[in-house]
Structures are given as structure tokens and as C-alpha cells.
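Presented below is the structure to which this report refers.
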Amino acid sequence: MGSSAGRPSVERQASVHKPPGHKRDAHYRFLLSGADVITTATYQASVSGFMNHLDVSCDRAKELMMSGVHLAKETVEKFVSDTHPTGRRRPLVAGSVGPYGAFLLDGSEYTGSYAEKMSEEDFKVWHRPQIECIAAAGADFVAFETIPSLKEAKALVDLLREFPDVKAWLSFSCKAVIGSDQLVAVGVNCCPPALLQPLLDSAASLGTDPCWVVYPNSGEDWDSEHGWRTSKTASSSIPKLSHTWRKQGAALIGGCCRVGPDEIAELRRELKGSSTTVE
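When the letters of the sequence shown are read in order and numbered with the working numbering, they come out as residues 107 to 385.
So this is what it looks like as C-alpha cells:
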């Protein structure tokens, strides 16, 4: 899951091409660390993307899109079978859907610059195949992530009405608020941890009271030439700040880019199981 200071699209794109075993292992490690929700490795995936870049048919592209959900669900089943967890809710699978900008591979999921040239109908046409696949594959809900444009967000909420049995959360790379009976949570991801408190404060000032989902990245910086500027202490602020976010109404708390299973385990220990944690 991502950062406004970084480029999760690079890591997510790589995850699409990793062997299924690697992704299954990653899911399993997060489950062992206490994650209540795992997200599919489909943030940057799309039906048209598979067709264009892998030269496959539309049917095959849809199969590939659905395989991300199937793999995550299979991993949950194995985890439950292996560990027989007691006193813990059954983990859920969120089908990740990134913004149109993630497909463009130019970092525009953080700026939303592409939205000026697109209509809400354009966005619906683009996103519809991905939602169809994730719903058909049986994800527990859809995670619309790192959405930088209110226009795109409105299109997604409107498109969701075509799938009345599908629930979703909607998180922004910039803060905005939008409502729908099908949204189980609204929030923000893809930002440094320190930004969340003022963002939630500003949202509260609007007089809305939704269920919030927050999952920042590690707080490290991305250098376009050299990659991530690593820091051993960057993600350490997440568990400490999580209590503030919970008091501000965050019901789902987790981590985005550069936040691994060890950090999720620490977050769960800090919250002592009192909130849902997201991988």
C-alpha cells in the first residue's frame, strides 16, 4: 500500500510479475504478523494493461486479474487451516484497485494531473473491468487506493452502484470526503505518518463522521534517481501515532509502502487487538 513522498507503483508493478509463491509468502507473513485484512497484488494491474503489455486475450487478462484475488483467498484458507486462530476474526481479502494514474507509470497517482483530460464516464469505462474481475473472484470488498482526484473518486462511487452486492473502502492520496452506502470506510493512504493527524482533524472540521481507514507509508523519502532513502526509524512512529488516529475515528489502521510484517506485528501489539489492522 503507498506514499505521497514515494512511488509505490514501482513496487506494486514488480509484484505483478513475481511468481505466485512469492506473493503467497508475502500474504502469509502479514497474516502471521496479525493483519486482519490483506490486499491483493493488483494495485497497478488492469485488464487492458495485461492485454497491451503481455499480448494476451481479453479473457486471459481477466483470468490474470482474478488470480490475484484467488491467491490471496487461498493464502487465508491455508493460514486458518495451519494456525486455527482463536479469539481473532477471520482475515478478509480486499481487492486492490489503483487510480488510472498508476497505469500511466509516471507518478501521476499523486498529482491527479490526468483527470483534467478525462470525464467521469472515461473513468468508469477504465475501472469497470477491474471491478468486475475482483467482484467475480470473490474478494470480501474492494479497496480503491491512492485516488488523487475527486472526479475519479465520484466516478468510482457511481460505478459501484452497478455492483450492488460489492462493498468498498476509498482512500485518497490527497484528502477529500465522499459518501456512499456501499463504502465501509473513507480515508487516506500513501502519505507519511506525520500527516495523518492534521488530515483527520481537517476532515472532522467538515462535520462528517465516516468510518476512517488510514494506512501511511514508512515516512521515508523517494528519490527519482536513487530510489528509497532508507531509514531504520521511519516507520517506528506508526504504532505510537496509531492511538491518536484511533481517537480521531480510525477503525482500520495499517501500513502502505515500506511497512512490512514486523511493523504490522508491532502495530497490533501496540493496539492490543482493539482495532483492525490492514496489510
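No residue lacks a Cβ here, since even glycine has one placed at the ideal position from N, Cα and C.
The C-beta of residue 131 has fewer than 16 other C-beta atoms within 10 Å across all chains shown, which makes the residue exposed. Taking every protein chain shown into account, the CB of residue 168 has 16 or more other CB atoms within 10 angstroms, so this residue is buried. In this structure, 367 is the residue among 373, 377, 367 with its C-alpha nearest to the C-alpha of residue 137.
For the pair residue 249 and residue 274, the CB atoms are nearer than the 9 Å cut-off. Only residues of its own chain outside the window of five on either side were considered, and among them 322, 325, 343, 344, 347 have a CB closer than 6 Å to the CB of residue 299, listed in chain order. In the three-state scheme derived from DSSP, where H, G and I count as helix and E and B as strand, residue 173 is classed as helix. Taking C-alpha positions only, residue 139 is separated from residue 176 by approximately 21 Å.
It is roughly 7 Å from the alpha-carbon of residue 240 to the alpha-carbon of residue 171.
Residue state for residue 306 is assigned as helix, using DSSP reduced to three classes. In the displayed model, residue 296 falls within a strand according to three-state DSSP.
For residue 343, the enclosing alpha helix (DSSP H) begins and ends at 343-353. Around the C-beta of residue 183, fewer than 16 other C-beta atoms lie within 10 Å, and the residue is accordingly described as exposed. Within the segment 215-261, the runs of beta strand (DSSP E) at least 3 residues long that lie entirely inside it are, in chain order, 247-253. The beta carbon of residue 288 lies closer than 7 Å to those of 266, 272, 273, 274 in the same chain, with the five residues before and after it left out.
For residue 132, the enclosing alpha helix (DSSP H) covers residues 126-138.
For residue 156, the uninterrupted alpha helix (DSSP H) run begins and ends at 153-160, by DSSP.
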